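Per the working numbering, the very first residue in the first sequence carries number 4; after that it's consecutive. Glycine included, each C-beta is placed from N, C-alpha and C at the ideal position. Computed from a predicted model, the values in this text were never measured in an experiment. Here is the structure we will look at, set down as structure tokens.
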Amino acid sequence: MRVMDESRVRHILQQNAGTPCTIRGWVRTCRQAKNVSFIELNDGSCLSNLQVVCDANTSIADAEKAALQTGASVEARGMLTESPGGKQSVELLATSLRVIGGAPADSYPLQKKRHSFEFLREIAHLRPRTNTFGAVSRVRNVLAAQIHSFFQKHDFLWIHTPVITSLDGEGAGNLFQVTTLDPAAVPKRDDGTVDYRKDFFEKPSFLTVTGQLNVEAFASSHERVYTFGPTFRAENSNTSRHLAEFWMVEPELAFCDIDGNMDLAEDFLKTTLSGLLRDSEEDMAFFDLRIRPGLLDMLKGVIEKPFMRITYTEAIAELEKSGKSFEFPIQWGSDLQSEHERFLTEELYQSPVVVTGYPAEIKAFYMKQNEAGGTGRRTVRAMDVLVPGLGEIIGGSEREDRYDVLAARMDELGLDREMYGWYLDLRKFGSVPHSGFGLGFERMLMYVTGMQNIRDVIPFPRTVGNLRY
RNA sequence: UCCCCUGUAGCUCAGCUGGUAGAGCAAAUGACUGUUAAUCAUUGGGUCGCAAGUUCGAGUCUUGCCGGGGGAGCCA
């Protein structure tokens with residue numbers, strides 16, 4: 004089979020009438036009359052189908068005519084012609100048509116009608132053949148490409164941080180343990196605890212919850228680096244926004260403070276979003292039309308408006324003086340709830356907002372501490388990027404680069420200095436101010452597509468109590 | 001983990017205060033010289049999630065279990 008030719012629907016639809024074509028794909032719908040049949044073929048290359056027209060001159064076996072049903076794979080050869088129909092400019096007038104694999108209509112689950120996303124989740128192996136999930140798959144690909152392209156253009160190195168880790172105390176949720184021990188016969192030490200010396204790594208091991216700590220080592224050598232890979236959280240959270248396995252993007256930048264970090268995050272979002280709108284025009288128009296009306300305007304707003312930048316303390320003051328009654332009361336020291344985030348981005352500023360200077364108590368140990376100042380309130384140089392329609396899309400910080408301050412904070416939180424010895428070393432040898440952020444790739448996909456459930460923007464979702472395919 | 005909703009035909013759903021199951025779409029067959037959510041006609045299709053209970057009688061009421069969805073918390 005020729006792989007590098009351009010006999011794919013998205014290319015064929017660009018060609019002029021009179022071009023001979025061969026197309027392979029799957030039947031979306033089939034309308035048959037006595038002397039003419041219309042078959043809509045989709046090959047996943049774009050949202051549009053190619054209409055294949057079969058008439059009396061088309062060579063097709065009688066047995067295969069009956070197999071021309073929704074879901075069947077076919078190959079059609081013929082001539083591209085101008086279409087008299089209104090919904091497409093060109094169509095393929097077939098000289099021959101061959102059914103490669105049939106799809107018995109009485110058992111093929113996908114029908115030529117709308118299906119609920121809940122139903123499609125139960126046939127995750129077939130949903131790539133639907134309009135919506137086909138578009139999600141293409142947008143997922145294009146967005147990933149935009150992200151790589153953005154970083155590559157700015158001289159960032161893509162670092163492949165490990166999936167298996169020994170660090171279990173980062174505080175980013177529950178971990179999946181990785182082991183080769185037989186669960187039915189776990190080796191024990193004399194005191195009854197598990198003898199991990201017999202395990203594969205001779206110590207407890209886990210799936211990573213973040214590549215950040217590892218990638219900081221490379222920021223300390225290559226200055227500009229990022230991770231983009233799978234991440235695992237064993238949280239028992241059953242919501243439309245959580246997965247046990249998801250993909251995360253984490254840039255890390257040396258010689259960069261919190262302000263540079265905010266500049267990077269803003270440029271990152273604006274550049275990747277506008278690249279996506281440029282390169283996925285047809286699919287994005289589909290989401291705007293069918294999934295979330297107003298989506299394109301919302302995204303354009305993010306691209307065009309400068310991001311508002313305020314401190315956590317200012318945000319609390321604004322929320323207090325708003326006079327609005329929130330379900331969760333505002334109080335300095337507690338985290339912003341999504342209702343608060345929505346108020347800031349959607350009502351008060353009506354633009355993306357970057358909030359910095361969060362209380363140290365509600366943020367991770369590695370974030371750089373600010374000077375206490377007159378109020379005695381301890382804050383860290385964290386930043387959350389909030390966008391209208393979603394809330395937090397990016398979370399990041401300037402990292403604590405002072406050895407003594409970091410070590411003291413770790414002691415305070417009861418973290419094992421020994422285990423984090425290498426991480427502390429980075430502050431011992433050639434330490435530099437550095438910053439970075441994390442972005443949940445599927446969360447961003449939900450945002451750009453308007454899809455409401457995170458399980459519908461990843462090919463095969465893994466969630467609590469649910470592992471199929 | 002907590003709260004709420006829900007499970008009836010392949011899909012989406014209706015089925016009032018308990019009386020023995022229905023629609024639209026899909027499918028099958030036929031008609032139709034160009035359709036595009038094709039149209040028209042005909043036909044088939046259901047242990048009403050599972051188990052127990054109340055009752056003369058349960059899709060409908062009760063309890064338990066299982067599945068799905070939404071929200072909260074946790075977070076990305």
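Near ILE42, which residues of its chain fall below 6 angstroms by C-beta distance, leaving aside the five closest residues on each side in sequence?
Correct list, in chain order: VAL30, CYS33 and VAL55.
Which same chain residues, not among the five before or five after LEU393, have their C-beta less than 6 angstroms away from its C-beta?
Hits under 6 angstroms: TYR450.
State the DSSP-derived secondary structure class of TYR472, mapped to helix, strand or coil.
In this structure, TYR472 counts as coil in the three-state DSSP scheme.
In the DSSP output, which residue or residues are listed as bridge partners for TRP29?
Per DSSP, ASN45 and SER76.
So is ALA36 buried or exposed if we call it buried at 16+ other beta carbons inside 10 Å?
Label assigned to ALA36: exposed.
Could you check the C-alpha separation between LYS201 and LEU178 for me, to the nearest Å?
Cα-Cα distance, rounded: 20 angstroms.
Are LEU272 and VAL228 touching if we call contact CB-CB under 9 angstroms?
Result no, Cβ atoms of LEU272 and VAL228 do not sit closer than 9 angstroms.
Should GLU350 go down as buried or exposed, given a rule of 16 or more other Cβ atoms within 10 Å for buried?
Exposed, because fewer than 16 other Cβ atoms sit within 10 Å of the Cβ of GLU350.
Hey, THR164 and GLY214: beta-carbon distance below 9 angstroms or not?
A contact, by the Cβ cut-off of 9 angstroms.
Apart from the five residues just before and just after ILE63, which ones in its own chain have a Cβ nearer than 6 angstroms to its Cβ?
So the qualifying residues of the chain are LEU100.
Counting only the same chain and skipping the five closest in sequence on each side, list residues whose C-beta sits under 6 angstroms from that of PHE221.
ILE162 and VAL228.
Pick out whichever of ARG192, ALA69, LEU267 and THR168 has its Cα sitting closest to the Cα of ASP158.
Closest option to ASP158, Cα to Cα, is LEU267.
Quick one, are the C-beta atoms of THR211 and THR168 less than 9 angstroms apart?
Closer than 9 angstroms, so yes.
Since LEU279 and VAL142 are thought to touch, with beta carbons under 8 angstroms apart, how far apart are those beta carbons, to the nearest angstrom?
Yes, they are in contact, since the Cβ atoms of LEU279 and VAL142 sit about 7 angstroms apart, within 8 angstroms.
Can you confirm whether the segment 349 to 367 touches the segment 380 to 395 when touching is taken to mean that 3 or more C-beta pairs between the two stretches lie within less than 8 angstroms?
Yes, the segment 380 to 395 is in contact with the segment 349 to 367.
According to DSSP, what are the bridge partners of TYR199?
TYR199 is not bridged to any residue.
Would you call the CB atoms of ARG117 and GLY74 closer than 9 angstroms?
No, the pair does not count as a contact, with Cβ atoms beyond the cut-off.
Nearest-angstrom Cα distance between ARG402 and LEU170?
Rounded to whole angstroms, ARG402 to LEU170 spans 18 angstroms at the Cα level.
Quick one: what's got a C-beta closer than 8 angstroms to ARG381's C-beta in the same chain, skipping five residues either side?
Hits under 8 angstroms: PRO362, ALA363, GLU364, GLN372, ASN373 and ALA375.
For GLU321, which residues of its own chain have a beta-carbon under 8 angstroms away from its beta-carbon, when the five flanking residues on both sides are left out?
For GLU321, where only same-chain residues beyond five positions count, the Cβ hits under 8 angstroms are ILE313, LEU347 and LEU351.
Return the first residue and the last residue of the alpha helix (DSSP H) that ARG137 is part of.
At residue 137 the sequence reads Gly, which differs from the Arg that was named. From DSSP, the alpha helix (DSSP H) with GLY137 extends over 134 to 156.
Quick one: is ILE103 buried, meaning 16 or more other Cβ sit within 10 Å of its Cβ, or exposed?
Per the 10 Å Cβ criterion, exposed.
Under 8 angstroms by Cβ, that's how I've got ILE294 and THR452 pegged, so tell me the actual separation to the nearest angstrom.
Confirmed, Cβ separation roughly 6 angstroms.
Assign THR359 to one of three DSSP states: helix, strand, or coil.
THR359: strand per DSSP, three-state reduction.
What is the DSSP secondary structure of HIS128, counted as helix, strand or coil?
Coil.
From VAL39 to ARG471, what does the alpha carbon distance come to, in whole angstroms?
Whole-angstrom Cα-Cα distance: 42 angstroms.
State the DSSP-derived secondary structure class of SER325, mapped to helix, strand or coil.
Coil.
By the three-class DSSP mapping on this structure, what secondary structure does GLU85 have?
Correct three-state label for GLU85: strand.
Measure the beta-carbon distance from VAL435 to ASP407 and round it to whole angstroms, keeping in mind my assumption that it falls under 8 angstroms.
About 16 angstroms separates the two Cβ atoms, so there is no contact after all.
LYS191 by DSSP, collapsed to three states: which one?
Strand at LYS191.
Checking 9 angstroms against the spacing of the C-beta atoms, do GLN149 and TYR111 come in under that value?
In this structure, TYR111 does not lie closer than 9 angstroms to GLN149 by Cβ.
What is the DSSP secondary structure of VAL451, counted as helix, strand or coil?
Correct three-state label for VAL451: helix.
Could you check whether VAL139 and MET454 sit closer than 9 angstroms to each other, using their CB atoms as the reference points?
Contact: yes.
My parser needs the beta strand (DSSP E) runs of 3 or more residues fully inside the segment 386 to 412; what are they?
Segments of the beta strand (DSSP E) lying fully in the segment 386 to 412: 394 to 401.
By Cβ distance below 6 angstroms, which residues in the same chain neighbour ALA97 in space, the five residues on each side in sequence not counted?
VAL55, CYS57, THR61, ALA79 and GLY81.
Can you look up ARG345 in the DSSP assignment and give me helix, strand or coil?
In the structure shown, ARG345 sits in a helix (DSSP, three-state: H, G or I).
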